[in-house]
Structures are given as C-alpha cells and as structure tokens.
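Participant:
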Amino acid sequence: MKVAVLGASGQLGHDVSSAFSAAGHNVTSLAHDQIEIAALESVRDVLSRLQPDLVVNTAAFHNVDRCEAEALPAFTVNAIGARTVAQVTSALNAALMHISTDYVFDGLKGAPYREEDQPAPINVYGTSKLAGEHFVRAGNPRHYIVRVSAIYGENPCRAKGGLNFVELMLKLAHERHEVRVVDDEFVTPTPTVEIAHQLVVLSKSPHYGLYHATSEGSCSWFEFAQSIFEISGIPVHLLPAQPGDFPVKAPRPKYSVLENAALKSRSLNVFSHWKDGLQNYLVRRKTSAKLTHAGD
Ligand SMILES: NC(=O)c1ccc[n+]([C@@H]2O[C@H](COP(=O)([O-])OP(=O)(O)OC[C@H]3O[C@@H](n4cnc5c(N)ncnc54)[C@H](OP(=O)(O)O)[C@@H]3O)[C@@H](O)[C@H]2O)c1
Numbered sequence: 317m318k319v320a321v322l323g324a325s326g327q328l329g330h331d332v333s334s335a336f337s338a339a340g341h342n343v344t345s346l347a348h349d350q351i352e353i354a355a356l357e358s359v360r361d362v363l364s365r366l367q368p369d370l371v372v373n374t375a376a377f378h379n380v381d382r383c384e385a386e387a388l389p390a391f392t393v394n395a396i397g398a399r400t401v402a403q404v405t406s407a408l409n410a411a412l413m414h415i416s417t418d419y420v421f422d423g424l425k426g427a428p429y430r431e432e433d434q435p436a437p438i439n440v441y442g443t444s445k446l447a448g449e450h451f452v453r454a455g456n457p458r459h460y461i462v463r464v465s466a467i468y469g470e471n472p473c474r475a476k477g478g479l480n481f482v483e484l485m486l487k488l489a490h491e492r493h494e495v496r497v498v499d500d501e502f503v504t505p506t507p508t509v510e511i512a513h514q515l516v517v518l519s520k521s522p523h524y525g526l527y528h529a530t531s532e533g534s535c536s537w538f539e540f541a542q543s544i545f546e547i548s549g550i551p552v553h554l555l556p557a558q559p560g561d562f563p564v565k566a567p568r569p570k571y572s573v574l575e576n577a578a579l580k581s582r583s584l585n586v587f588s589h590w591k592d593g594l595q596n597y598l599v600r601r602k603t604s605a606k607l608t609h610a611g612d
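317 is the number of the first residue of the sequence shown in the numbering used here; add one for each residue after it.
1. Taking V393 and I353 to be in contact with their CB atoms under 8 Å, please state how far apart those CB atoms are, rounded to whole angstroms.
2. In this structure, how does DSSP classify L446 when only helix, strand and coil are distinguished?
3. With a threshold of 8 Å (Cβ to nearest heavy atom), would E352 be considered close to ligand 1?
4. Sorry if obvious, but does the Cβ on N342 come closer than 8 Å to a heavy atom of ligand 1?
5. So, with DSSP's three-state summary, where would you put K565?
6. Among all the DSSP beta bridges, which residues are the ones paired with M413?
7. Tell me which residue opens and which closes the alpha helix (DSSP H) that P389 is part of.
8. Mind checking whether the beta-carbon of Q514 lies closer than 8 Å to any heavy atom of ligand 2?
9. Can the beta-carbon of A398 be found closer than 9 Å to that of E431?
10. DSSP state of K520, grouped into three classes?
11. Could you check which residue in A410, I351 and G469 has the C-alpha nearest to that of Q367?
12. CB-CB under 8 Å to P507, same chain, minus the five flanking residues each way: which ones, in chain order?
13. Could you tell me which whole beta strand (DSSP E) segments of length 3 or greater appear in the segment 536-598?
14. Does the Cβ of H589 have 16 or more other Cβ atoms within 10 Å, making it buried, or fewer, making it exposed?
15. By how many angstroms is the C-alpha of H528 removed from the C-alpha of P428?
16. Is R496 helix, strand or coil by DSSP?
17. Any heavy atom of ligand 1 closer than 8 Å to the beta-carbon of C535?
18. Measuring from the CB of R382, is there a heavy atom of ligand 1 at a distance below 8 Å?
19. Would you mind sorting N576 into buried or exposed? The rule is 16 or more other CB atoms within 10 Å of its CB.
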C-alpha cells in the first residue's frame, strides 16, 4: 500500500512513518516544508503526484496555550487543514487516518470517555480539533479518526520545544533538587511507538470511524513523574504543584482518560499498560544513548 504521512518530522509522524515502512508499505514522509495542510494547492499538488492509498495526518497546531491566544491559525491548521486533507484524499479515492485528541472532552465525566460520549471542549485547541473531526467525517467517508492522549516519543515534539514530558522530567531532575508537578489532571500517557503500531493494525480494518487509542490505565501527571523517577532510579524531591505554580492561558480538562472501546470491540487493541509503555521507552532511550556513545 502507498502511504503518505503528514507531520512526519513530529514525534508521532516519525514513528508512524517507521511503523508503516517496517510493515512493508511504500511510505512517503512529508514534513511541513514539503506540504502545507492549510493550503489547498499544496495538498492537492503533493498528494495528486503521490496517488496514495492511505494518508495519515499527524500534522497539527497543538501548542495548547498558543492556540488559545491565536485562534485563527489554530482553526486554519486544525480545522480547515483537516477539511482540505479530507476533501483531497476523498477526490483521490484514498483513505484518511486523522489524529485527534482527548482534549475534545471537558473532563467532567470522572470515568474513561468512550467514543459515543459527547465532546465538549473547553479550550481553543480542543474546539479546533473537534471542528477538524467534523470536517474529516463530512469530507471523506473512508476515514479513521483516532484520538490519542498525552503522547511521548523518541523523536522530539516539535510543538513543545523538542521536549516531551518524560524528557522534561529527566532534564529537571538533573538541574534541580526539587521538582513540582500538577497532581489534579488525569490522563493516560501513551508512547508514540505503540500508537504507530496500532495505526498499522487499524489500517487493515474495513471498519472506518472514530477510535480512542491510548495505553491502558490512567494517572495524574504527578504519578507519571513519580514513575519516571522510580524506574530511572533518580532520587528527586517530587512535590505536588501549588495553585499558581504554572500559570497557563488555556484551561485543561481535569480528567481526559479515554477508553479504547471501539478498538476492543473489534479485537484490534494493541496497547499495553502505561507503566509498561514507560518502562519500554526508558529502556529504548538507554539503549540508543549507549549506541550513540559507542559510535562517538
Ligand atoms: N503531543 C501530545 O501530547 C498530543 C496529545 C493529544 C493529541 N495530539 C495530537 O497528535 C498529533 C501529533 O502530535 P505530535 O506531538 O507528534 O506533534 P509535533 O511533534 O508538534 O508534530 C507535528 C508536526 O506537524 C507539522 N505541522 C504543523 N503545522 C503544519 C501544517 N500547517 N502543515 C503541515 N505540517 C504541519 C509540524 O511541522 P513544524 O514543526 O515544522 O511546523 C510537525 O512536524 C497532533 O494531531 C496532535 O494534535 C498530541
């Protein structure tokens, strides 16, 4: 199958390209300087030339606080960009896998969100991504909308200054004696390698539609940090953040845990528990550091 990956220089796009290549597909990885999803001509020109069977769109404007201050660019990329990709892929008779977010929910349910739960975003980012979902649904009947949560991968996150949460915690632990982390926001941290593998598995399914795709279990950011330090064996004084420690422009849902109900109902779910995903990430990280060191 010919697969085009959009946002391929990002943390998820990088692993998605690798996973589809490893599965034997003919993959074209497209970074932002090769395609602009907010521009119809760019999307039409690039994808018409490639004639893909499947397009995986990981590209987004997803710095949550910047989106709050810059609603127009957020909607231009996350909503109109998604619409453009949906319309062009439909015209080319290609399937579309579109990445969305747990931030489409308000966080008030208090139990894992299923695909049939009503979205109610509380910030511009979530609203623009939800609008993108609607456009994808309307624009290309052969779509998989895949909502992910709190992702981290070995390729740097472009929107977060190159540091995912795990790398940020490890950096802070080396720089400071004390680290503070919020303990009142609950998510499911999910490694991008597992999402990428899940997308390959899902791409073989004829069942288009909406899917939640996260690791198993859930934790607060504080508990996630605690596990990072425990598994890495780094002694650090970890404290719950106090109100006002981290002023943010955009409100965040307090609880955005997703249940992979649709994947499970079709026996497609590949995810492990978030703690196992973290353990594996830290092992891979150590191994690549050793390999880099050996190659010095
Ligand atoms: N990170 C999270 O915790 C998280 C949580 C839930 C959902 N998601 C979703 O997961 C997806 C992937 O996130 P990620 O963490 O891999 O992000 P990332 O590392 O920031 O990668 C996003 C990629 O998209 C590219 N891009 C941005 N705007 C574009 C445009 N207008 N046209 C073409 N390419 C564009 C970026 O290129 P440049 O950097 O060069 O502009 C970058 O390569 C996004 O859809 C995001 O909404 C992420």
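Each residue gets a CB set at the ideal place from its N, CA and C atoms; glycine is no exception.
Please read all numbers here as calculations on a predicted model, not as lab measurements.
Facilitator: On the basis of the supplied data:
1. Within the sequence shown, the letter at position 77 stands for residue 393. Within the sequence shown, the letter at position 37 stands for residue 353. Right, their Cβ atoms sit about 7 Å apart.
2. Indexing the sequence shown from 1 puts residue 446 at position 130. Looking at L446 - three-state DSSP - the assignment turns out to be helix.
3. Along the sequence shown, one-based indexing puts residue 352 at 36. Distance from the C-beta of E352 to the nearest heavy atom of ligand 1 is below 8 Å.
4. Against the sequence shown, residue 342 aligns to sequence position 26. Incorrect: N342 has no Cβ contact closer than 8 Å to ligand 1.
5. Counted from its first residue, the sequence shown places residue 565 at position 249. In this structure, DSSP gives K565 a state outside helix and strand, which the three-state scheme calls coil.
6. As a first step, residue 413 is located in the sequence shown; it is residue number 97 there, counting from the start. Its beta-bridge partners are V372 and Y460.
7. For the purposes of this step, residue 389 is identified with residue 73 of the sequence shown, where counting begins at 1. For P389, the enclosing alpha helix (DSSP H) begins and ends at A387 to F391.
8. With respect to ligand 2, the structure offers nothing, as its ligand set consists of ligand 1.
9. Within the sequence shown, residue 398 is the residue found at index 82, counting from 1. Within the sequence shown, residue 431 is the residue found at index 115, counting from 1. Taking 9 Å as the Cβ cut-off, A398 and E431 do not qualify as a contacting pair.
10. Position 204 of the sequence shown, counting from 1, holds the residue named residue 520. K520: coil per DSSP, three-state reduction.
11. As a position in the sequence shown, residue 367 is number 51, starting the count at 1. Among A410, I351 and G469, the Cα nearest to that of Q367 belongs to A410.
12. The count along the sequence shown starts at 1 and reaches residue 507 at position 191. The answer, listed in chain order, is I467, Y468, G469, S531, G593, L594, N596 and Y597.
13. List check, beta strand (DSSP E) in window: 553-556.
14. For the purposes of this step, residue 589 is taken as the residue at position 273 of the sequence shown. Exposed: under 16 other Cβ atoms inside 10 Å.
15. Within the sequence shown, numbered from 1, the residue matching residue 428 stands at position 112. Within the sequence shown, numbered from 1, the residue matching residue 528 stands at position 212. The alpha-carbon separation between P428 and H528 amounts to approximately 10 Å.
16. By 1-based counting over the sequence shown, the position of residue 496 is 180. Here DSSP, grouped into helix, strand and coil, assigns R496 to strand.
17. Working through the sequence shown from its first residue, we reach residue 535 at position 219. The beta carbon of C535 sits no closer than 8 Å to any heavy atom of ligand 1.
18. Start at 1 with the first residue of the sequence shown, and residue 382 comes out as number 66. Not under cutoff, so the answer is no.
19. Here residue 576 is taken as the residue at index 260 of the sequence shown, counted from 1. N576 comes out buried.
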